[in-house]
Amino acid sequence: MNHYSTSTDKELLDLVKSNDYAAFNELYSRHSDALYGSAYNVLRNREACRDIIQDIFVWFWQNRDKWELNSCRGYLLTAVKFKTANYIRNNKVGKNFFAELSSIEIESDDEAAAMEVRELSDLIKRLAEQLPGKHGEIFRLSRYAQLSNKEIAAQLGITEKTVENQMTIALKKMKEKLGPGNAFLLLLL
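Take a look at the structure:
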């Protein structure tokens, strides 16, 4: 009989690849709380976080014969990051999330920190306004008007795929201008 609780992730991954559902359950038990916490830190929505974690593990099981992993924790945390970003990007968070985010008051005696946050927010808005062409317009419609890709495509008379491509260009340009330390803030726009 296998002792899954004492097995390494690598051993469990090998068992999962050979269709061992009990090994998969052990991986789920080991990592689901950390993954949920990671998603919850961004979304603050229990149901959405549970859905994201479930989607990741369903995909993980369904594609077990395709991946080559030695460790799954980093892979799963990266998957959570991307699924959470997609959730936000696809407007599933809704306007309330962004309204709450913008109304958060900085409770700090350190006025310099508050000023730095305001300056960074202003910088992101200025950079967004400087994005030229369609990708700038699409970025602003997505982030500030809170339109979905489908709504943007309909409004501009273009395909959803074009909207996705233009958003990719816009995000790449914004990340370049913000630098690696601040690029994660684009998720919160």
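Residue numbers for the sequence shown follow the numbering used here, beginning at 1004 and rising by one.
Just so it is clear, CB atoms sit at the ideal spot from N, CA and C, and this is done for glycine as well.
Taking the alpha-carbon of residue i as reference, which of the options has the nearest alpha-carbon?
i	options	result
Leu1159	Lys1086, Leu1016 and Ile1141	Ile1141
Thr1171	Leu1126, Arg1092, Lys1128 and Leu1130	Arg1092
Leu1130	Ala1173, Ser1032, Lys1137 and Lys1069	Ala1173
Ala1082	Asp1058, Arg1067 and Gln1065	Asp1058
Val1166	Gln1065, Lys1137 and Lys1175	Lys1137
Gly1077	Gln1169, Ala1148 and Arg1033	Arg1033
Ile1127	Lys1176, Leu1080 and Asp1068	Lys1176
Lys1180	Leu1134, Arg1143 and Tyr1090	Leu1134
Val1045	Arg1067, Leu1080 and Asp1068	Leu1080
Arg1047	Asn1168, Tyr1090, Gln1169 and Lys1069	Tyr1090
Just confirm the distance between the C-beta atoms of residue i and residue j, as a whole number of angstroms; I'd bet it's less than 8 Å.
i	j	result
Leu1030	Asp1012	7 Å
Just to confirm before moving on: does the CB-CB distance between residue i and residue j stay below 8 Å?
i	j	result
Thr1009	Ile1055	no
Glu1163	Lys1178	no
Note down the Cα distance separating residue i from residue j, rounded to an integer number of angstroms.
i	j	result
Lys1084	Ala1051	13 Å
Glu1071	Glu1132	42 Å
Ala1026	Lys1020	10 Å
Ser1074	Ala1157	43 Å
Leu1018	Ser1035	18 Å
Asp1125	Ser1041	27 Å
Ser1145	Asp1023	43 Å
Trp1062	Arg1049	20 Å
Phe1060	Tyr1043	17 Å
Gly1139	Tyr1147	11 Å
Gln1169	Ile1155	11 Å
Gln1149	Ile1161	18 Å
Starting from the C-beta of residue i, find all residues in its chain whose C-beta is less than 7 Å away, skip the five residues before and the five after it, and write them out in chain order.
i	result
Tyr1007	Leu1015, Ala1025, Ala1026 and Glu1029
Gln1143	Going by the sequence as given, residue 1143 is Arg instead of Gln. For Arg1143, where only same-chain residues beyond five positions count, the Cβ hits under 7 Å are Ala1131.
Arg1067	Val1019 and Lys1020
Give every residue of the same chain whose Cβ lies closer than 8 Å to the Cβ of residue i, excluding the five residues on either side of it in the sequence, and list them in chain order.
i	result
Gln1065	none
Arg1053	Tyr1039
Enumerate in chain order the residues of its own chain whose CB-to-CB distance from residue i is below 6 Å, with the five nearest sequence positions on each side excluded.
i	result
Phe1187	The pLDDT assigned to Phe1187 is 48, lower than 50, so where the model puts this residue is not dependable; a value taken from the coordinates is nonetheless given after this. Excluding residues within five positions, none has a Cβ falling inside 6 Å.
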